[in-house]
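First comes the structure, then the notes that go with it.
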Amino acid sequence: MANTTGKKFGGRKKGTPNKTTKEIRNAFQLIIDKNLNNIDKWLNEIAETNPKKAIILNISNMYYQN
Numbered sequence: 001m002a003n004t005t006g007k008k009f010g011g012r013k014k015g016t017p018n019k020t021t022k023e024i025r026n027a028f029q030l031i032i033d034k035n036l037n038n039i040d041k042w043l044n045e046i047a048e049t050n051p052k053k054a055i056i057l058n059i060s061n062m063y064y065q066n
């Protein structure tokens, strides 16, 4: 029988975090934590030849910080 009430049944409750998204964020965080010492070195190497790209990478990395 079809749901004709217009109300949602089943699924996640509003505000429940998506498990897959959380796992992906944790995986990225682990990669960053393991390479924290190298990231600064890599950005400096990029900045030597392409300062604009280094700035863009720094700005885009801000979105992933907690």
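Sequential numbering from 1 applies to the sequence shown in my numbering.
All residues carry an ideal CB built from backbone N, CA and C; glycine is no exception.
Please read these numbers as outputs of a predicted model, since none were measured by experiment.
Indicate whether residue i and residue j have their beta-carbon atoms separated by less than 9 Å.
i, j, result
"Ala54", "Asn38", "no"
"Ile46", "Leu57", "yes"
"Asn18", "Phe9", "no"
Among the options, which one has its Cα closest to the Cα of residue i?
i, options, result
"Met62", "Glu23, Gln29, Glu48", "Gln29"
The ligand ZN heavy atoms versus the CB of residue i: any closer than 8 Å?
i, result
"Lys34", "Here there are no bound small molecules, and the ligand ZN is not part of this structure."
*In chain order, which beta strand (DSSP E) runs of at least 3 residues are fully inside the stretch 20-54?*
none
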